[in-house]
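Have a look at the structure below, then the notes.
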Amino acid sequence: MSIWSNSVLRRSTASLALATAAIALLCAAGPAGATGNAARGQTLYKGCADCHSINENGVGPMHKGVVGRKAGSVAGYDYSPDLKNSGIVWTEDNLDKWLTGPQAMVPETKMFFDVPDAQDRADIIAYLKDKAR
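Under full-length UniProt numbering, the first residue of the sequence shown is numbered 1, with each subsequent residue one higher.
Quick look at the structure:
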């Protein structure tokens, strides 16, 4: 192999490694690229309290264990058929999409409230991930 070939190969490998690292950082950033603050999320979650709580069903289902749970699976809560049959799993990305516009994700859902601000969504999700385990 010539010196030129080794140099090109090294640059290509370095470029690939840099691109891979950049993609990994973007993926680790979480929903919408925002890093959530669980303490702020707890304060924001109080706005959800008219319908939800961490430990008990109310107008909406409880949020205990929501991250990683299949949508429509909390015992004792009467979900819309569309949400129950959606196949959605509440990953951080799906929670972000849901909070952006639940009706866009599942048109016949009972949930009508959305959270337009990406940082607010990230903070609420961080709180749910931390406190609602």
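Beta carbons: idealized from backbone N, C-alpha and C, even for Gly.
The three-state secondary structure of K64, taken from DSSP, is coil.
Exclusion of the five residues before and after H52 leaves G60, H63 as the residues of its chain whose Cβ lies within less than 6 Å of its Cβ. Looking at the DSSP output, K70 shares a beta bridge with V89. Per DSSP, I125 is one residue of the alpha helix (DSSP H) stretching across 118–131. Judged by DSSP secondary structure, P81 falls within the alpha helix (DSSP H) whose first and last residues are 81–84.
Taken through DSSP and simplified to helix, strand or coil, C48 comes out as helix.
By alpha-carbon distance to G72, the top candidate from V66, K84, I124, D78 is K84.
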